[in-house]
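A quick write-up on the structure given underneath.
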């Protein structure tokens, strides 16, 4: 298993253990064998893991988006734009490289700490 896939699996396990409603978002396009063609995703940049936080994290119904990257991976411009849009609208959107990154971001979100979010510090939670 690749490092990014292992991190995704571990993060999903952690979120479910915490009782957070979440799912792996598959944004790969679709290959149509009968037409021998590939239909690309219509939503470039959507995060790897999506979910909804409950009142334990400060507000009910907060949208969660996690872009999972390997230790040296970087978010694409489309991914950065998607995460920024979620944060700007009051959600929690982060780049994470490990369960620890997610745990830290959830704790910061819950306590209102406006520090850097995610293992890379690539994004900050919107005020």
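Numbering (my numbering), first residue to last: 4 to 130. Positions of the beta carbon are idealized from the N, C-alpha and C atoms, including for glycine. As the structure is a computational prediction, the values presented were derived from the model and not from experiment.
DSSP three-state label for residue i, please.
| i | result |
| --- | --- |
| residue 42 | strand |
| residue 50 | coil |
| residue 119 | Reliability fails at residue 119, whose pLDDT of 44 lies under 50, so the model's placement of it is uncertain and the value that follows must be treated cautiously. In the structure shown, residue 119 sits in a strand (DSSP, three-state: E or B). |
| residue 23 | coil |
| residue 9 | helix |
| residue 78 | coil |
| residue 90 | helix |
Answer yes or no: do residue i and residue j have a C-beta to C-beta separation smaller than 8 Å?
| i | j | result |
| --- | --- | --- |
| residue 78 | residue 88 | no |
| residue 96 | residue 50 | yes |
| residue 67 | residue 94 | yes |
| residue 33 | residue 56 | no |
Would you mind reading off the limits of the beta strand (DSSP E) that contains residue i?
| i | result |
| --- | --- |
| residue 34 | 33 to 35 |
| residue 96 | 95 to 99 |
| residue 66 | 65 to 71 |
Quick check on residue i: buried or exposed, where buried means 16 or more other Cβ atoms within 10 Å of its Cβ?
| i | result |
| --- | --- |
| residue 39 | exposed |
| residue 35 | exposed |
| residue 72 | buried |
| residue 132 | No information on residue 132 is available, as it lies outside the stretch 4 to 130 that the chain covers here. |
| residue 42 | exposed |
Output the distance between the C-alpha atoms of residue i and residue j, rounded to the nearest integer angstrom.
| i | j | result |
| --- | --- | --- |
| residue 58 | residue 114 | 12 Å |
| residue 15 | residue 27 | 8 Å |
| residue 61 | residue 110 | 10 Å |
| residue 29 | residue 91 | 23 Å |
| residue 64 | residue 17 | 19 Å |
| residue 13 | residue 100 | 10 Å |
Starting from residue i, trace the alpha helix (DSSP H) both ways and give me its first and last residue.
| i | result |
| --- | --- |
| residue 59 | Element bounds for residue 59: n/a, residue is neither H nor E. |
| residue 110 | 102 to 114 |
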